[in-house]
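Residue numbers (our numbering): 5 to 197.
Glycine included, each C-beta is placed from N, C-alpha and C at the ideal position.
Small disclaimer: the values here were computed from a predicted structure and weren't measured.
I have placed the structure first, in the form of structure tokens, so that the comments after it can refer back to it.
Okay, here's the thing in structure tokens:
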């Protein structure tokens with residue numbers, strides 16, 4: 005359904021001469037990705053409102069999506085699989101891990117430092133859908149490392165400034181989840197050379 009909607013929108017853009025025929029497939033794919041991201045974010049936001057964690061989830065999404073853009077990581081084989089995994093991970097976090105981390109600041113700090121090391125070691129994963137050339141891959145690895153360092157420093161600064169610990173936990177989870185996805189893609193060898 006999303007593929008069909010993206011196809012219709014790309015054809016409309018082509019009909020109005022906003023793009024050329026030879027780039028229609030790129031626009032169709034880009035539209036599809038944006039629709040899927042919107043649906044995924046909207047679903048998580050809906051759940052977060054229901055659970056009373058909307059603002060925390062927005063911070064999680066900012067931290068997660070910014071580093072994920074450069075680091076890459078595990079990708080499900082379908083949009084349905086991605087949504088299922090995303091919702092499951094989010095629910096496990098807010099129902100099981102989040103209450104534990106609220107009581108144990110050292111565990112969160114350990115997870116944050118471990119996540120930083122994962123990103124510093126691997127940098128990025130070249131997923132088949134990305135198919136970066138060597139120069140793009142090297143650039144993404146370097147940017148992911150810088151983003152991870154910036155995010156950790158932001159988290160530390162906000163913690164020192166006394167920002168609510170719940171926000172700190174969700175920001176930390178954004179980086180931690182990205183590192184887990186990066187580590188997973190390396191373990192299952194989903195990345196390409």
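Residues in the same chain with beta-carbon distance under 8 Å from residue i, minus the five sequence neighbours each way, listed in chain order, please.
i, result
"residue 192", "78"
"residue 88", "80"
"residue 104", "111"
"residue 86", "40, 44, 79, 80"
"residue 173", "60, 102, 105, 106, 112"
"residue 1", "As displayed, the chain neither begins before 5 nor continues past 197, which places residue 1 out of reach and without an answer."
"residue 162", "171, 172, 175"
Per DSSP, what kind of secondary structure is residue i in: helix, strand or coil?
i, result
"residue 135", "coil"
"residue 152", "helix"
"residue 52", "helix"
"residue 165", "coil"
"residue 73", "helix"
"residue 5", "coil"
"residue 79", "coil"
"residue 129", "coil"
"residue 193", "coil"
"residue 57", "coil"
Under a Cβ-count criterion, where at least 16 other Cβ atoms within 10 Å of its own Cβ denotes burial, should residue i be classed as buried or exposed?
i, result
"residue 92", "exposed"
"residue 152", "buried"
"residue 183", "buried"
"residue 123", "buried"
"residue 177", "buried"
"residue 164", "exposed"
"residue 46", "exposed"
"residue 189", "buried"
"residue 82", "exposed"
"residue 179", "buried"
"residue 120", "buried"
Roughly how far, in whole angstroms, is the beta-carbon of residue i from the beta-carbon of residue j, given that I think they are within contact range, below 8 Å?
i, j, result
"residue 186", "residue 75", "5 Å"
"residue 159", "residue 116", "7 Å"
Report all residues from its chain with a CB closer than 7 Å to the CB of residue i; omit the five preceding and five following residues, and keep chain order.
i, result
"residue 98", "55, 57"
Note down, in chain order, each residue of its chain lying with its Cβ closer than 6 Å to the Cβ of residue i, except the 5 sequence neighbours on either side.
i, result
"residue 175", "63, 67, 159"
"residue 49", "none"
Original post:
Three or more C-beta pairs closer than 8 Å, one from the stretch 140-155 and one from the stretch 123-131: is that the case here?
Top reply: A contact is defined here as three or more CB-CB pairs under 8 Å, and the stretch 140-155 meets this definition with respect to the stretch 123-131.
**OP:** Give a yes or no on contact between the stretch 35-42 and the stretch 153-173, applying the rule of three or more CB pairs nearer than 8 Å.
**Re:** As far as the Cβ criterion goes, the stretch 35-42 does not touch the stretch 153-173, which means the pair count is below three.
Subject >> Cβ contact check for the stretch 164-177 and the stretch 107-115: 3 or more pairs under 8 Å >> reply: Taking 8 Å as the limit for Cβ pairs, the verdict is that the stretch 107-115 does touch the stretch 164-177.
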